[in-house]
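Contents: one structure, followed by commentary.
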Amino acid sequence: MPAPLHHSPIPARTQDSQHRPWPPTTQAQLTLLALLWALLWVLLWTPLSARAQIPVPVDPPPDMATARKMVYGGPVWQDRRVNDFFGGGSRVTVRATVTEVWRQRYKEQSTDQLMVVYQLTPGPREQFQCQACVPALGAALFAADERGRWQLRARGRLLMEGAPGAGAEDLQMVQLTDDQWALRSRRLDVSAGLETRSERLVVDPGVSPTRDAGPRELRVALNEGFKDKAGPLACGSGAAPQATGLSVLSPGTGPRVEVVLRFNEGPCPRPEPRIVRQRLVLRDGQFVPDDEAASAPQP
Numbered sequence: 374m375p376a377p378l379h380h381s382p383i384p385a386r387t388q389d390s391q392h393r394p395w396p397p398t399t400q401a402q403l404t405l406l407a408l409l410w411a412l413l414w415v416l417l418w419t420p421l422s423a424r425a426q427i428p429v430p431v432d433p434p435p436d437m438a439t440a441r442k443m444v445y446g447g448p449v450w451q452d453r454r455v456n457d458f459f460g461g462g463s464r465v466t467v468r469a470t471v472t473e474v475w476r477q478r479y480k481e482q483s484t485d486q487l488m489v490v491y492q493l494t495p496g497p498r499e500q501f502q503c504q505a506c507v508p509a510l511g512a513a514l515f516a517a518d519e520r521g522r523w524q525l526r527a528r529g530r531l532l533m534e535g536a537p538g539a540g541a542e543d544l545q546m547v548q549l550t551d552d553q554w555a556l557r558s559r560r561l562d563v564s565a566g567l568e569t570r571s572e573r574l575v576v577d578p579g580v581s582p583t584r585d586a587g588p589r590e591l592r593v594a595l596n597e598g599f600k601d602k603a604g605p606l607a608c609g610s611g612a613a614p615q616a617t618g619l620s621v622l623s624p625g626t627g628p629r630v631e632v633v634l635r636f637n638e639g640p641c642p643r644p645e646p647r648i649v650r651q652r653l654v655l656r657d658g659q660f661v662p663d664d665e666a667a668s669a670p671q672p
């Protein structure tokens, strides 16, 4: 019989062979590993941060028809306030024709903003141009969002009286502080030589309570002036010219302005010229007399 085959026993793996230690790591290898991690971090995050610094292009502002639809719903607006302003009463329904008369684009806190002003007339504007015909003024504030799209942020669909005869409005944006602007409106009305002048400021009251609260309401924060004062048109050269002025002062604890009124008192032919200066501060959405200015010593 053939001799049985004998297999050599396979030596069992020792404890040392199962857990062989890694070769020692050198300082050069550690440095190379750190550099690789740093390079990976740069490749992953640099494109994202670079994209975040690229300004988002802002869409063109809404055209006249689009903006008006966002504010009033269309070219005609019906509301109780229209009846109250034009004296329609409760039995007559007055529909106001809405006409854009002015717009200005500017930046507030690095955000593109657009202020648009409207005249409201009880019928077509071209048919409302008599001296005694007084239109209403409305305004709307648009702002570009983070995607560069224009949104309606605030509106005042009927704020105050406009220029007599639906004429050209004297409007401009004034910067109250580094991060706040206001719409300035100067109004002049002359009747039988008597002048009525006023300085008005319209402000955005601030952030809405919730995101879905809709557009805020613009507010007439300042309305100062004089009424029916005799000027050169009434008294000739014996009367001094009349005017109003407004300037923005150092903001301090709140936006401050100074209003100067130059008007005449007394009968023709030589009424007495007067000058009234008022310093006011914006508090809770309204300009009120500045207590600090009143208590300061006068020069």
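For the sequence shown, this note's numbering puts the final residue at 672, and the numbers step up evenly by one.
Even for Gly, the Cβ is constructed at its ideal location relative to N, Cα and C.
For clarity, every value in this text was computed on a predicted model and none was experimentally measured.
Item                                                                                                             : Value
Sequence-distant residues of its chain with Cβ nearer than 8 Å to D432 (five each side left out)                 : A517, G521, R522 and W523
Inside the segment 586-657 only - beta strand (DSSP E) runs reaching at least 3 residues                         : 592-603, 616-621, 629-638 and 645-656
7 Å CB neighbourhood of P640 in its chain, flanking five on each side removed                                    : none
Three-state secondary structure (DSSP) of E511                                                                   : Per the sequence presented here, residue 511 reads as Gly, with Glu not at that position. Strand at G511.
Residue from C506, D436 and R453 with nearest C-alpha to R476                                                    : D436
R424 versus R498 - alpha carbon distance                                                                         : Here R424 scores only 48 on pLDDT, less than 50, and its place in the model should not be relied on; the value that follows carries that caveat. Near 49 Å, if we compare the C-alpha coordinates of R498 and R424.
Sequence-distant residues of its chain with Cβ nearer than 6 Å to T583 (five each side left out)                 : In this predicted model, T583 has a pLDDT of only 49, less than 50, meaning its place in the structure is not dependable enough to derive any value.
L561 vs F515 beta-carbon contact at 7 Å                                                                          : no
Pairwise C-alpha distance: R441 and L408                                                                         : 59 Å
Backbone CA spacing between R454 and D663 [nearest angstrom]                                                     : 32 Å
Residue span of the alpha helix (DSSP H) that contains V431, given as start and end                              : Element bounds for V431: n/a, residue is neither H nor E.
Beta bridge counterpart(s) of D562 as assigned by DSSP                                                           : T569
Same chain only: Cβ atoms within 6 Å of W554, ignoring 5 sequence neighbours per side                            : E481, M546 and Q548
Close-in-space but distant-in-sequence residues of the same chain around G566 (CB under 6 Å, 5 per side omitted) : L606 and A607
Three-state secondary structure assigned by DSSP to E534                                                         : strand
Ordered list of beta strand (DSSP E) runs contained in the segment 458-532, each at least 3 residues             : 468-481, 484-494 and 509-517
Beta-carbon spacing of L572, R559 below 7 Å                                                                      : In the sequence as presented, Leu is not what sits at residue 572; that position holds Glu. In contact: E572 and R559 (Cβ atoms closer than 7 Å).
CB of A594 within 7 Å of CB of F660, strictly                                                                    : yes
Three-way DSSP call (helix, strand, coil) for D543 in this model                                                 : strand
Whole-angstrom distance between F636 and Q492, CA atom to CA atom                                                : 28 Å
Three-way DSSP call (helix, strand, coil) for T404 in this model                                                 : helix
Reduced DSSP secondary structure (H/G/I, E/B, other) of T550                                                     : strand
Nearest-angstrom Cα separation, counted from G587 out to L403                                                    : 58 Å
Where the beta strand (DSSP E) containing P448 begins and where it ends                                          : No beta strand (DSSP E) contains P448, which DSSP labels as neither H nor E.
Residues sharing a beta bridge with R557, DSSP                                                                   : Q545 and L574
Given P508 as reference, the closest of T484, M533, A527 and R526 once Cα atoms are compared                     : M533
P578 and G658 closer than 7 Å at C-beta                                                                          : yes
Check whether G618 and L655 have beta carbons under 7 Å apart                                                    : no
P430 burial status per 10 Å Cβ neighbour count (16 or more: buried)                                              : exposed
Contact belief for V471 with P434 at Cβ below 8 Å, rounded distance in angstroms                                 : In fact, because the Cβ distance is near 18 Å, the residues do not count as touching under 8 Å.
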